[in-house]
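The sequence shown: position 148 = 148 (UniProt numbering), numbered continuously. Note that the Cβ used here is the ideal one computed from N, Cα and C, for glycine as well. Only one structure is covered here, and it is reproduced in the block below.
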Amino acid sequence: MTTQSLEAEAKALNDRLESLDLAGRLALVAGLEGRAVFTTSLGIEDQVITAAIGTNRLDIEVATLKTGRLFNETVALIEETEEAYDILIKRYFPEKADIEDYVAQYGMNGFYESVEARHACCGVRKLKPLARALEGVSYWITGLRRGQSGNRATTPYAEADLDRGLIKINPLADWDIETIHAHVAAEAIPVNPLHGRGYPSIGCEPCTRAIKPGEPERAGRWWWENDEKRECGLHVAEATSSIIPNASSAA
Ligand code: SF4
């Protein structure tokens, strides 16, 4: 698909998704031609989407990146969620050789030492497995919300990911955190117990801390870095292609 046609389809989809509820948005994407994959980190937003996919038996694959550094609570929630909704969550792992190379160059926890070392770790533990998860995929569904950070304040319902050659769908773009919590309670959706201990955003264990009252939702992610726009590269195209040279062609 050309850049122009990808952008045109994303714009048309964005307009169609706007007036639908969550189940309607996901059903629309499930009915499109081409594979749709939802990547979950098992965070509260992602649990809302997984529940909607499972409850409505939608033809959307669910995948997660098992980085090797996740919290035990997150790992346990993968199986709990599969059982709750009778679905398969496909695990994608880093390559052993990549981890060995990383540890040899930077050390196991080298990500604390520099932004470059941190991006390299996210590259091998997240971005390369993500590229495999998105191979041949037309629609990539995520749990991004506008309220999560200033960096995500303009998140659309659908956008062209030109580097990966697909359309990214963000069906919770307009949901606020209060709506998320109310929905989870009403639907008895299983969530990570860490959310109740001050972790609104949960990533790898060594790179996530609880936040203090009044801090932004993602302040506990890579908290030692002095950059308000810090991300792991999953949702920042420029970062992706600079961290993983072949990431754009892999999808
Ligand atoms: S979040 Fe931390 S441990 Fe996880 S991949 Fe990125 S740098 Fe590595």
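Cutoff 7 Å; reference histidine 195; Cβ partners in own chain excluding five residues on either side: Within the sequence shown, numbered from 1, the residue matching residue 195 stands at position 195. Answer for histidine 195: Ile44, listed in chain order.
Please name the residue or residues paired with alanine 63 in a DSSP beta bridge. Position 63 of the sequence shown, counted from the start, is the residue given in the question as residue 63. Bridge partners of alanine 63: Thr39 and Lys90.
Between the region 2-17 and the region 139-159, can you find at least three pairs of beta-carbon atoms closer than 8 Å? yes
Here's the rule I'm using: 16 or more other beta-carbon atoms within 10 Å means buried, otherwise exposed. How should tryptophan 224 be labelled? Translated into the one-based positions of the sequence shown, residue 224 becomes position 224. The residue in question, tryptophan 224, is exposed, as its Cβ has fewer than 16 Cβ neighbours within 10 Å.
What residues come near the ligand SF4, if near means a beta carbon less than 6 Å from any of its heavy atoms? Thr67, Arg69, Phe111, Arg118, Cys121, Cys122, Arg125, Lys126, Gly203, Cys204, Pro206, Cys207 and Cys232
Rounded to a whole number of angstroms, what is the C-alpha to C-alpha distance between proline 200 and serine 149? Locating residue 200 in the sequence shown gives position 200, where the first residue counts as 1. Locating residue 149 in the sequence shown gives position 149, where the first residue counts as 1. Each residue's alpha carbon lies about 12 Å from the other.
Among Arg145, Asn192 and Gly34, whose alpha-carbon lies nearest the alpha-carbon of glutamate 178? The residue labelled residue 178 in the question sits at position 178 within the sequence shown. When only C-alpha atoms are compared, the closest one is Arg145.
Buried versus exposed call for glutamate 238 [16 or more other C-beta atoms within 10 Å across all chains shown]: Numbered from 1 along the sequence shown, position 238 holds the residue referred to as residue 238. In this predicted model, glutamate 238 has a pLDDT of only 37, less than 50, meaning its place in the structure is not dependable; the value taken from the coordinates is given anyway. So glutamate 238 counts as exposed.
Pick helix, strand or coil for isoleucine 141, following the three-state DSSP scheme. If you number the sequence shown from 1, residue 141 lands on position 141. Correct three-state label for isoleucine 141: strand.
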